[in-house]
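There are 2 protein chains.
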Amino acid sequence: MDLQKLFKPKSMGVVGISKKNPLSPGRIILLKNEFELQVKVYGIHPEGGELEGVQLYSRLDELPEIPDVLVIAVGADDTINYIKQCADLGIPSSIIIGGGFAEIGGEGIKRQDQLQKIAFDNDIAVIGPNCVGIYSPPIMDTIFLPTERITRPPKGSVALISQSGGVLVDQFFVKFKERNIGVSTAVSIGNRAVVDETMLLEYFGTVDDETSNIAFYLEGFKDKRAREFLKLAKKAEDTVITFFGGVTKQGRIATQSHTASLAGNLKILSAALKQHFVIQAKSESELLTYLKVYDVLSQRKKPFGNNTIVYGNVAILSVSGGHGVICADLIGKYGLNAVEFTEEEKDLLKENMNPIAQEIASFNNPIDLTGSVLDTDIENQVRVLSDIQRIECILLLLLPYPPNISFQIGRRLANIITAKKKPVICFIPYVPKYSLIIESLEIANIPVFHSIKEVVQAASALKLRSRVNNLKKSNLFWEK
Amino acid sequence: MDLQKLFKPKSMGVVGISKKNPLSPGRIILLKNEFELQVKVYGIHPEGGELEGVQLYSRLDELPEIPDVLVIAVGADDTINYIKQCADLGIPSSIIIGGGFAEIGGEGIKRQDQLQKIAFDNDIAVIGPNCVGIYSPPIMDTIFLPTERITRPPKGSVALISQSGGVLVDQFFVKFKERNIGVSTAVSIGNRAVVDETMLLEYFGTVDDETSNIAFYLEGFKDKRAREFLKLAKKAEDTVITFFGGVTKQGRIATQSHTASLAGNLKILSAALKQHFVIQAKSESELLTYLKVYDVLSQRKKPFGNNTIVYGNVAILSVSGGHGVICADLIGKYGLNAVEFTEEEKDLLKENMNPIAQEIASFNNPIDLTGSVLDTDIENQVRVLSDIQRIECILLLLLPYPPNISFQIGRRLANIITAKKKPVICFIPYVPKYSLIIESLEIANIPVFHSIKEVVQAASALKLRSRVNNLKKSNLFWEK
C-alpha cells in the first residue's frame, strides 16, 4: 500500500460537504485545506456549484485528476459506496472519518469486514473508520474539528499515532505546543480496519525521513499483529515509544466501551516491549517528557557524548537546597544515581565560586550554590562538572531569583553546554518573564523543563535511549 | 510568644541596608515594604540620611516607636547584637535572613544556641535564621529577593510553611499563581531556631482566622517536637497537609548538606501523620492539587453534600473515549471506584442526549458523549448524574473541541453544579482561548484542572478530607 500518497498527497478529494451546516466535518476539512494547507483539494457535492468561493464537483469521476487521497465524511453505508468508487477509479488511499463500523458491534462489524475486503483487494490505504483524521504539516490537515478550536503542534521529528482521536488533539496537540515538541505527522487510527499501527511503524521507520521518533498511544495491538509490530520495532532506526491506556482493571472496562481492545497483561507486554527496544512511557507525563528530549536532541547540531555511555550517573546543580533534596528524592525512583564527588573535586568546585558564596555553598551532590550565586559561578560549575568523566548527565536547577543572576545566563550556558557535549537537562520556572532564559537554551537544543520531576524523567529518557542505542548499535544523537 | 505581631505587624524595622548595593537584601526589603505594602517601615543605617526618598535612622533606639518586628539582614555576629537590642528595647519579634548559624556547624551551632537563649528568655518570636522571609499580604513582604524577579501568589486560605526558601518562592509561589491557589501567609522557617513548625501550626490553626488550610514542606520535624506537632494537628479545625523532602536514601544525603535534618523512617512517619489527621501529599503535584481543591472549596458560597460521605465513588463524564480510558486507569491507583450504572440509569442518561449522539455515545462509566455532543447534552448528563445518590463525585473531562459546544457551557454548568451541590471536578485543556470557560467555573469555586491525573488526584483529595472531617466531626465545606 502506498502510504506516501496518504501522508504526502499532492491532491485530495473530500466527500460529505454540507452546504447548510458550516460545522459539517467534510466542509471544515475542505475549507481548512483549501485556505491553510498545500494540498490541492477538490470538494464533491451532488449539486455541484460552489462554497465560499471554492468550486464543487458533482461526482468523483468528474474531478480533473485522480486524487492521491479521498477523505470520506459521510454515513457508514455511503462510505462503502465511496470506497468502491476508489477501487473503480484507482484512488490509492482514503481517510474515513465517520463511525458506524466495528465500534457499534452487530451490523457495524459486517460493514467493517466489507470495507476491509475492498481495501485489501484493491490495495487502498485506508485510515479509520471512526477517526478524527491526519495532520501532515504543511501539506494536509484532515482533522474534522474547526481549526480555531484546536491547537496545532509545531513541525518536528515525532510521528504521533493515536488510537484515540480525543487524546491526539487534546492531550498531545495541546501539550506538544506547550512544550514545543514537534510532529512530523499525526495520525488518528480509529478502528484501524486497514492501515494499523504496524504498517505505520514500518512507513515512518523506513520511508518517512522527516521522522526520527515514533510515538504510539494504544489501548492494545490490533489482533495478531503484535508480533509483527515488535519485530519491526527491534529493527527500526528511529526511536519507538509507546504509552498504553486500558492497563488497569477499571481502564480495561473503559476500553470495551470505546475501541473494543485490551492492552492485555501489562507485565508480559512490558517485557516484550523492552526486549524489542521499545521505550515505554508509564504515564502521559513520562511520554511527553521523553518525546521532548528525543525531539530536541534529534535537532542538535553538535551531538552529545558517545553511544557507549549509559546515562545513569548524574550531578545535580542548584541554587536552592530544597530543590536539590526534592530532585535527589526522585532520582532513585527513576533508576538514576547521584555521583559522589571526591575531596579534590569538591575543592575544585569550591575554588571556582565567588569568595562570599563559596563559604556558604555546599559541594556535595546535589550542589547548592545558594542565593549569593553569580552567573560566572554557574558557568564555572557546569564547566568543571562537564570535565568529570564519570558524570554522564548534569541536572541544572536554575532559579533566576537570586539578584545577581543576569538574563544573559541562558545564552552563556548554552555556549558552554554545546561546546562541552555533556548532556545537561535544565529546570527553569515556567514564568513568562523568564522566557528569555528558557529560549536561549532551547534555541541551542538544550531541553528545558518546568518541574523537577520532568528533569529527572528526562535524564531517565537519556538512559533508556542509550540502552536502546547500544543494543541497536545505532548512533542517533550520540557521536560515533 | 506573640506571633500576631510577627505576621500582622503595624510597624517594622529593617537593619542591614546598603547605600551602595541596590541588591542588598536589607535594602530590597526596606523599599518593597515602603512602596508596595501596608506596614509602616523604618530603615536603620549607622550613617542615617535617606535612600530613594526614605528616611533612615542611625540607631534602633532612635525610631519614633518600638516596631512590632525587626528584620535583620546582617552578618551572623551582628545579628546576635541586634537580637540583644530587641530584648533591651522590648521588640517582640524578629525575622533573621542571614546564615552562619547551625547550618555551617561548629561555631555556627554555638551562635544559634546563643540566639535561641536570648529569644526564649525574652519572649522574642524569631523566624530564621537562614531564611528568605515572610509574605503576609497585604501587610508585609520580607522576602529578600527582588519583587520583580519573584511571582506573588494570590490571597487565599492557605498558610504555607516551608523549610526551604527556594522551594517556597519557586515551587510554591510560581505554581500557586499558575493554579490560582491563594495564600493567607507564607513563611520560610530556615533553621527554625525559635519559631518552628509546631508553633506555626498552633498559630495558624487557632489564632489566624484567614487560614483554613495549613501546608508544610518539611525535611523533618524539629528535634523532639514531632509529638507536639501531631497532637496539635489532631485537634486543628483547619486542614493540615504535609509534603516531606528527604524521604529516600539519596534525598536524605541531600538534606544533610542542607538543613541537617531527616524525614526519618517514612513508614512510621506516614502512619503517625494519618493517625493524627494530617493529609500527606506524596509528591509536589499531589500537594498542589490538594491545596487547590481545599482552597477553592473553602471559598464556596454553597457547600457540597454532607460530611458523612466518603468521596470514593465517582462517575467519569467525557466527550472522548480515550480520556475516559486514561482516567479510569488512574482512579484505582488513587483509591477511587467507578460506579456501575444500572440499566435504568443508562436509559435515563441516553434519553437525555440529542438523537444523533445518543446512538454513538457510550453510557457505561466512563461515559463517552462523543464529538457530536451539544451543550444541553452535557448539562443534562450532569443533572442526571448529580441525582444518583451513590455517585459521590463527578469527574467532568470537558474538551471544548466539538463544534457544537458553546463558550457559554462553563457558566451554564457552573449554575447547575452549584445548585445540585454534588462535587464536580473539571478537566479543561490549558489553552488561553478556553480561559472563558475555565474562569466561568472557577468564579463559582468549581475546581478546574489541566491534566487528567490532577482531576483524579483532586477527587482523592475530597476523599481524604472527608475522612478527616468525619473523624474530627468537623464540617468544613460540607453542610451540617
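Protein chains in written order, with our numbering: chain A, 1331 to 1810; chain B, 1331 to 1810.
Here a beta-carbon is modelled for each residue, glycine too, at the ideal position from N, C-alpha and C.
All of these numbers come straight from a predicted model, not from anything done at the bench.
- Look at Gln1711/B here: in three-state DSSP terms it is helix.
- A buried status is given to Asn1643/A, since no fewer than 16 other beta-carbon atoms sit within 10 Å of its beta-carbon.
- Between the alpha carbons of Ile1425/B and Leu1333/B lies a distance of about 11 Å.
- Secondary structure of Gly1373/B (DSSP, three-state): strand.
- With a beta-carbon spacing of about 4 Å, Val1456/B and Val1524/B fall inside the 8 Å limit used to define contacts.
- Here the segment 1480-1492 of chain A does not lie against the segment 1359-1379 of chain A, with fewer than 3 beta-carbon pairs under 8 Å apart.
- Of all residues in the segment 1790-1806 of chain A, none places a beta-carbon less than 9 Å from a beta-carbon of chain B.
- For Glu1380/A, the three-state secondary structure derived from DSSP is strand.
- Ser1650/A sits close to Asp1500/B, with the two beta carbons spaced by under 8 Å.
- With a threshold of 8 Å between beta carbons, Lys1579/A makes contact with chain B.
- When C-beta distances to chain A are compared with 9 Å, the residues of the segment 1476-1498 of chain B below that value are Pro1476, Glu1478, Arg1479, Ile1480, Thr1481, Ser1492, Gln1493, Ser1494, Gly1495, Gly1496, Val1497 and Leu1498, in chain order.
- The beta carbon of Ala1563/B lies closer than 7 Å to those of Leu1531, Val1570, His1606, Phe1607 and Val1608 in the same chain, with the five residues before and after it left out.
- Taking 8 Å as the CB threshold, Ile1656/A lines the interface with chain B.
- Three or more Cβ pairs closer than 8 Å define a contact, and the segment 1577-1586 of chain A falls short of that threshold against the segment 1651-1662 of chain A.
- Counting C-beta atoms within 10 angstroms of its own C-beta, Leu1400/A has 16 or more neighbours from the protein chains shown and is therefore classed as buried.
- The segment 1466-1479 of chain A and the segment 1436-1455 of chain A do not touch, with fewer than 3 CB-CB distances between them shorter than 8 Å.
- Residue state for Asp1332/A is assigned as coil, using DSSP reduced to three classes.
- Beta-bridge annotation (DSSP): Met1683/A is not paired with any residue.
- Apart from the 5 residues on each side of it in sequence, Ser1600/A sits with its Cβ closer than 8 Å to the Cβ of Gln1610 in its chain, given in chain order.
- Here Tyr1547/A is bridged, per DSSP, to Ser1492/A and Phe1573/A.
- Within 10 angstroms of the beta-carbon of Ile1374/A lie 16 or more other beta-carbons, which makes it buried.
- Using beta-carbon distances, Val1371/B does not count as an interface residue toward chain A, since no partner is under 8 Å.
- Per DSSP, Thr1477/A lies in no alpha helix (DSSP H) segment and is marked neither H nor E.
- Here the segment 1611-1631 of chain A does not lie against the segment 1692-1711 of chain A, with fewer than 3 beta-carbon pairs under 8 Å apart.
- Identification of chain A residues near Gly1512/B by a Cβ-Cβ cut-off of 8 Å yields none; the smallest Cβ-Cβ distance measures about 18 Å.
- Between the segment 1390-1400 of chain A and the segment 1334-1354 of chain A there are three or more inter-stretch CB-CB distances shorter than 8 Å, so the stretches are counted as touching.
- In this structure Phe1431/A is buried. Its beta-carbon is surrounded by 16 or more other beta-carbon atoms within 10 angstroms.
- Ala1403/A is positioned such that its CB atom lies closer than 8 Å to that of Pro1355/A.
- Using a Cβ distance threshold of 8 Å, Ala1489/A and Thr1541/A count as a contacting pair.
- Listed along chain B, the residues sitting closer than 9 Å to Ile1661/A by beta-carbon distance are Thr1578, Gln1580 and Gly1581.
- For Phe1450/B, there is no enclosing beta strand (DSSP E); the residue is part of the alpha helix (DSSP H) that begins and ends at Glu1437 to Asn1452.
- For Cys1416/A, the secondary structure class from DSSP, reduced to helix, strand or coil, is helix.
- One Cα belongs to Asn1521/A, the other to Cys1461/A, and the distance between them is close to 7 Å.
- Contact between Leu1726/B and Val1712/B holds, with the beta-carbon distance rounding to 7 Å and staying under 8 Å.
- Shown here for Val1537/B: same chain residues with a beta carbon closer than 8 Å to its own, the five before and five after excluded, namely Leu1333 and Gln1334 in chain order.
- With fewer than 16 other Cβ atoms inside 10 Å of its own Cβ, Gly1383/A counts as exposed.
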